[in-house]
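Using our numbering, you'd call the opening residue of the sequence shown number -13 and step up by one each time.
For every residue, glycine included, the Cβ atom is placed at its ideal position computed from N, Cα and C.
If you're wondering where the values come from, they're calculated on a predicted model, not measured in any experiment.
Okay, so here's the structure we're looking at.
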Amino acid sequence: MITDALGNPPGDFGPAASRTETDSFGSVELPANALYGAQTQRSLQFFSIGEELLPWGMVRALLAVKQACAQVNHDRGLLATDVTELIARA
């Protein structure tokens, strides 16, 4: 089963846990385990762009590419071990 970095399934934001992110427009509240930042949260709030989502197969494929890139960059000394491990766990 796919989970976020906190072990929660996609879309399971737990009990009202949130965090504050800041961008050029100011602060905005996000779900604590959201894997995105302030600009994406604002887009979700203000733009109704449809309900289509990427198929999970595509999400998994993109994740595999990011994990491979992280490992190569780590092997070349361009990415810290802790960051590489976090990406690998995602």
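Here's the rule: buried if 16 or more other CB atoms are within 10 angstroms of the residue's CB, otherwise exposed. What is I35?
I35 is exposed by the Cβ-count criterion.
Inspect the beta-carbon positions of A74 and Q53 and report whether they are closer than 8 Å.
yes
Given 8 Å as the limit, is there contact between the stretch 38 to 46 and the stretch 16 to 28, that is, 3 or more CB pairs closer than that?
no
Would DSSP call L80 helix, strand or coil?
The first residue shown for the chain is -13 and the last is 76, placing residue 80 beyond what the model contains.
Alpha carbons only, please: which of A50, D61 and G12 is nearest the one belonging to A76?
A50
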